[in-house]
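Undergrad: Got a structure for you, questions after.
Residue numbers (the numbering used here), protein chains in the order written: chain A, 132 to 246; chain B, 1074 to 1186.
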């Protein structure tokens, strides 16, 4: 089955710097890679996702890149702000029947942005 | 629009007790999931249901059972709770017809003493 590894487990940056979180996956059939942000005490919420037919996607200060050959994908946050402080999860969805495969998450990265 | 609703929000159980966590979604989604969240372990998939009438094991199914009661509801049952099942449990749902976003419930904090 799918296995997702996420690094680093914690990341501390100065406000205004960039932050990069990396994930690797094991199932070459995986075709959907979302990123979730979870603020303290709240539920995870989608911030950006990428499908396997795309190499990069941007949304304002957030970008995700996907390397299918190496089976890894990364989240890039530029010009970080204190409100970016949260736990970030990557995930990979293997292609099950009717696109309803399992959604497997990484271990999470706690990002701290220092003012 | 309530989205995904879980009950209860908090629960304390004694070892050996049983309980059912309830989850309901009002988005007409096909797929539903149960995850547990533990420090440093991320979100681990317990069981999922790709569509009404089907359920499949995830990464950590031992000690749990599920029921997809109808398209809206997906319950998680602990038959004999153990301290190792102390965790925060999240239910989630996806449309399931394409690679689309998963929406999470607010979570259930379960403590087994």
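In this text, a Cβ means the ideal position worked out from N, Cα and C, and glycines have one as well. Note that the structure is a prediction, hence the values are computed from the model and not measured.
#1: So which of A:246, A:243, A:134 and A:164 has the shortest CA-CA distance to residue 195 (chain A)?
#2: At which residues does the beta strand (DSSP E) containing residue 1138 (chain B) begin and terminate?
#3: So what does DSSP say about residue 143 (chain A), is it helix, strand or coil?
#4: Using the C-alpha atoms, what's the distance from residue 1173 (chain B) back to residue 1085 (chain B)?
#5: In whole angstroms, give me the CA-to-CA distance for residue 1070 (chain B) and residue 1111 (chain B).
#6: Please compile the residues from chain A whose C-beta is within a distance smaller than 8 Å of the C-beta of residue 1149 (chain B).
#7: Could you tell me whether the Cβ atoms of residue 172 (chain A) and residue 1115 (chain B) are closer together than 7 Å?
#8: If contact means a Cβ-Cβ distance below 8 Å, which residues of the region 179-190 of chain A contact chain B?
#9: Would you mind telling me which residues of chain B sit closer than 7 Å to residue 220 (chain A), beta carbon to beta carbon, in chain order?
#10: Using three-state DSSP, classify residue 230 (chain A) as helix, strand or coil.
#11: To the nearest angstrom, report how far apart residue 1099 (chain B) and residue 176 (chain A) are at their CA atoms.
#12: Which chain B residues are close to residue 224 (chain A), counting only those with a beta carbon under 7 Å from its beta carbon?
#13: Please list, in chain order, the residues of the region 1099-1130 of chain B that have any C-beta partner in chain A closer than 8 Å.
#14: Can you name, in chain order, every residue of its own chain whose Cβ lies under 8 Å from the Cβ of residue 1121 (chain B), other than the five neighbours on each side?
#15: Identify the contact partners of residue 1084 (chain B) in chain C, using a Cβ-Cβ distance below 8 Å as the criterion.
#16: On the three-pair Cβ rule with 8 Å, is the region 139-157 of chain A touching the region 176-186 of chain A?
#17: Taking buried to mean at least 16 other C-beta atoms within 10 Å of its own C-beta, is residue 170 (chain A) buried or exposed?
#18: Counting only runs that start and end within the region 1139-1180 of chain B, where is the beta strand (DSSP E) found for 3 or more residues in a row?
#19: Of the choices A:150, A:236, A:132 and A:136, whose alpha-carbon is the least far from that of residue 211 (chain A)?
#20: For residue 215 (chain A), name the three-state secondary structure that DSSP assigns.
#21: In three-state terms, what does DSSP make of residue 1077 (chain B)?
#22: Around the Cβ of residue 1142 (chain B), are there at least 16 other Cβ atoms within 10 angstroms (buried) or fewer (exposed)?
#23: Can you tell me which of A:168, A:220, A:146 and A:186 puts its alpha carbon nearest to the alpha carbon of residue 1117 (chain B)?
TA: In brief:
#1: Minimum Cα distance to residue 195 (chain A) is reached at A:164.
#2: 1137-1141 is the span of the beta strand (DSSP E), which, as asked, contains residue 1138 (chain B).
#3: In the three-state DSSP reduction, residue 143 (chain A) falls in the strand class (E or B).
#4: Rounded to whole angstroms, residue 1085 (chain B) to residue 1173 (chain B) spans 34 Å at the Cα level.
#5: In this structure chain B extends from 1074 to 1186, so residue 1070 (chain B) is not present and cannot be described.
#6: For a Cβ distance threshold of 8 Å, nothing in chain A lies close to residue 1149 (chain B): the least Cβ distance comes to about 16 Å.
#7: The answer is no: Cβ separation not under 7 Å.
#8: Contact annotation: in the region 179-190 of chain A, residues whose CB is within less than 8 Å of a CB in chain B are 180 and 182.
#9: Neighbours of residue 220 (chain A) on chain B, chain order: 1115 and 1116.
#10: For residue 230 (chain A), the predicted structure reports a pLDDT of 46, less than 50, and the residue's modelled location is therefore unreliable. A value from the coordinates is still provided. For residue 230 (chain A), the secondary structure class from DSSP, reduced to helix, strand or coil, is helix.
#11: Answer to the nearest angstrom: the Cα atoms are 17 Å apart.
#12: Near residue 224 (chain A) (Cβ distances below 7 Å), the residues of chain B are 1172.
#13: Among the residues of the region 1099-1130 of chain B, those with a Cβ less than 8 Å away from any Cβ of chain A are 1103, 1104, 1106, 1108, 1113, 1114, 1115, 1116, 1117, 1118, 1121, 1123, 1124 and 1129, in the order of the chain.
#14: For residue 1121 (chain B), where only same-chain residues beyond five positions count, the Cβ hits under 8 Å are 1104, 1105, 1106, 1107, 1128, 1129 and 1131.
#15: In the displayed structure, chain C is absent; the protein chains listed are A and B.
#16: No, the region 139-157 of chain A is not in contact with the region 176-186 of chain A.
#17: A residue is called buried once 16 or more other Cβ atoms fall within 10 Å of its Cβ, and residue 170 (chain A), having fewer, is exposed.
#18: Here the runs fully enclosed are 1147-1151 and 1160-1167.
#19: Closest in alpha carbon position to residue 211 (chain A), among A:150, A:236, A:132 and A:136, is A:150.
#20: Annotated three-state conformation of residue 215 (chain A) is helix, per DSSP.
#21: Strand, per DSSP.
#22: Burial state of residue 1142 (chain B) is exposed, judged by a 10 Å Cβ sphere holding fewer than 16 other Cβ atoms.
#23: Comparing Cα positions, the closest option is A:220.
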